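For the sequence shown, my numbering assigns the number 315 to the initial residue and increments by one for each residue that follows.
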Amino acid sequence: MVSAPLGGSRICVRADDAGLEKAQKWAAFLQAPLNPENPENYFFHFCVEGDRVFVRDLEKRLLEIDFDKNHLDYERKGHRGKNELIAKALGVAKGARRILDLSVGMGIDSVFLTQLGFTVTGVERSPVLYALLSEAFARTKKDYLKSYQLHFGDALEFLKKNKGLLEIDSIYFDPMYPHKKKSALPKQEMVVFRDLVGHDEDASLVLQEALTWPVQRVVVKRPMQAEELLPGVRHSYEGKVVRYDTYVVG
Ligand SMILES: C[S@@+](CC[C@H](N)C(=O)[O-])C[C@H]1O[C@@H](n2cnc3c(N)ncnc32)[C@H](O)[C@@H]1O
Numbered sequence: 315m316v317s318a319p320l321g322g323s324r325i326c327v328r329a330d331d332a333g334l335e336k337a338q339k340w341a342a343f344l345q346a347p348l349n350p351e352n353p354e355n356y357f358f359h360f361c362v363e364g365d366r367v368f369v370r371d372l373e374k375r376l377l378e379i380d381f382d383k384n385h386l387d388y389e390r391k392g393h394r395g396k397n398e399l400i401a402k403a404l405g406v407a408k409g410a411r412r413i414l415d416l417s418v419g420m421g422i423d424s425v426f427l428t429q430l431g432f433t434v435t436g437v438e439r440s441p442v443l444y445a446l447l448s449e450a451f452a453r454t455k456k457d458y459l460k461s462y463q464l465h466f467g468d469a470l471e472f473l474k475k476n477k478g479l480l481e482i483d484s485i486y487f488d489p490m491y492p493h494k495k496k497s498a499l500p501k502q503e504m505v506v507f508r509d510l511v512g513h514d515e516d517a518s519l520v521l522q523e524a525l526t527w528p529v530q531r532v533v534v535k536r537p538m539q540a541e542e543l544l545p546g547v548r549h550s551y552e553g554k555v556v557r558y559d560t561y562v563v564g
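Okay, here's the thing in structure tokens:
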């Protein structure tokens, strides 16, 4: 596996005896020390306790991805199926089924899309998020998540490398929005998440590249009041706090 430094002394890996083997793999990937003598010198702790994997920061805030625990509403009840805005935006009525998610993050949207019956391929560039997601996909008992294809790397590179090689109907992109006040995440998760992934300031370049793919639609999720990421939105599917800007390619 290619390794991925987070930079400086921001993160260490901590494990109990039962989690040691798994922890060694992630310590190598994150290029982070395993069970260091002075863990208080590291702002993020990537913790492996038996099967459980999570991140804590020095303020004891927790970030955990567990698709079966559902603490972040991974299995939505009472959804409206093909009438969900996200499904409409992606073109479900026009037969879109295979989605490329360029910003998996905590996997909330990706998992929901899978629940709605889409086949999803996802890309995430944050090494820590990727590690948490990998473990969550490996651990989940939900059959419909077993076919999920998760990739580590930058979406821009991924798009350049894989153009013409993947069968994708529509592309989905939800970059961080710097002024975003509301979020699907509870407060403590949001703070750790933002600290880890930053601001995605290259988002418009990613969108530009996505628009060169031979797909039906490219959909960008934005907070309601935000400006368009790039001009050329064909239609906006508006919810209460977010909207889905749809670009039609070709
Ligand atoms: C707002 S979050 C996405 C949340 C996600 N839709 C969810 O439901 O959990 C943005 C995520 O996309 C990732 N991301 C943004 N730009 C990216 C890029 N160019 N390549 C790969 N990942 C990217 C960030 O690292 C971050 O984890």
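From the three backbone atoms N, C-alpha and C, an ideal C-beta is built for every residue, glycine too.
Note that this is a predicted model, so its numbers are computed, not measured.
Item                                                                                                                                                  : Value
In the DSSP assignment, the beta strand (DSSP E) including A410 goes from what residue to what residue?                                               : Note, A410: premise wrong, no beta strand (DSSP E); not H, not E.
Using 8 Å as the Cβ pair cut-off and three pairs as the minimum, do the stretch 511–527 and the stretch 358–365 touch?                                : no
Using 7 Å as the cut-off, classify the Cβ of S448 as near or not near the heavy atoms of ligand 1, replying yes or no.                                : no
Could you tell me the distance, in whole angstroms, from the CA atom of L510 to the CA atom of F472?                                                  : 21 Å
Three or more C-beta pairs under 8 Å: does that hold for the stretch 479–493 against the stretch 377–397?                                             : no
With DSSP run on the structure shown, which of helix, strand or coil describes R375?                                                                  : coil
Assuming F561 and I400 form a contact by the criterion Cβ under 8 Å, report the distance between their Cβ atoms to the nearest whole angstrom.        : Sequence inspection shows Tyr at residue 561; the Phe mentioned does not correspond to that position. The Cβ separation is near 15 Å, so there is no contact.
Distance, Cα to Cα, S484 vs A403?                                                                                                                     : 9 Å
Counting along the chain, where does the beta strand (DSSP E) carrying E471 start and finish?                                                         : Per DSSP, E471 belongs to no beta strand (DSSP E); it is in the alpha helix (DSSP H), A469 to N476.
Check whether the Cβ of R439 sits closer than 7 Å to any heavy atom of ligand 1, and report yes or no.                                                : yes
Would you please state the rounded distance, in angstroms, between the beta carbons of V442 and L344? I believe it to be under 8 Å.                   : 7 Å
Please tell me whether, using a cut-off of 7 Å, the distance from the CB of D274 to the nearest non-hydrogen atom of ligand 1 is below it.            : Residue 274 is absent from the structure shown; the chain starts at 315 and stops at 564.
Three or more C-beta pairs under 8 Å: does that hold for the stretch 426–443 against the stretch 463–470?                                             : yes
Tell me the residue span of the beta strand (DSSP E) that contains S518.                                                                              : Here S518 belongs to no beta strand (DSSP E); instead the alpha helix (DSSP H) covers A517 to A524.
Between the alpha carbons of V529 and V547, how many angstroms are there, rounded?                                                                    : 15 Å
Using 10 angstroms around the beta-carbon of D387, count the other beta-carbons present and answer buried if the total reaches 16, otherwise exposed. : exposed
Based on DSSP bridge pairs, tell me the residues matched to F360.                                                                                     : V327 and V369
From which residue to which residue does the beta strand (DSSP E) around T271 run?                                                                    : Residue 271 lies beyond the stretch modelled for the chain, which goes from 315 to 564, so this question has no answer here.
Please return the same chain residues whose Cβ sits closer than 6 Å to the Cβ of D514, not counting the five positions on each side in sequence.      : P489 and M490
Measure the CB-CB distance between L464 and V418 and report whether it falls below 8 Å.                                                               : yes
Between the Cα of F487 and the Cα atoms of K475, L414 and V505, which residue gives the shortest distance?                                            : L414
In the DSSP assignment, find the unbroken beta strand (DSSP E) run with E335 in it and report its ends.                                               : That residue, E335, is in no beta strand (DSSP E); its alpha helix (DSSP H) goes L334 to L344.
Please report the straight-line C-alpha distance between K535 and A450, rounded to a whole angstrom.                                                  : 24 Å
Is M504 near ligand 1 - that is, is its Cβ less than 7 Å away from at least one heavy atom of it?                                                     : no
Can you give me the C-alpha to C-alpha distance between L525 and N352, rounded to a whole angstrom?                                                   : 47 Å
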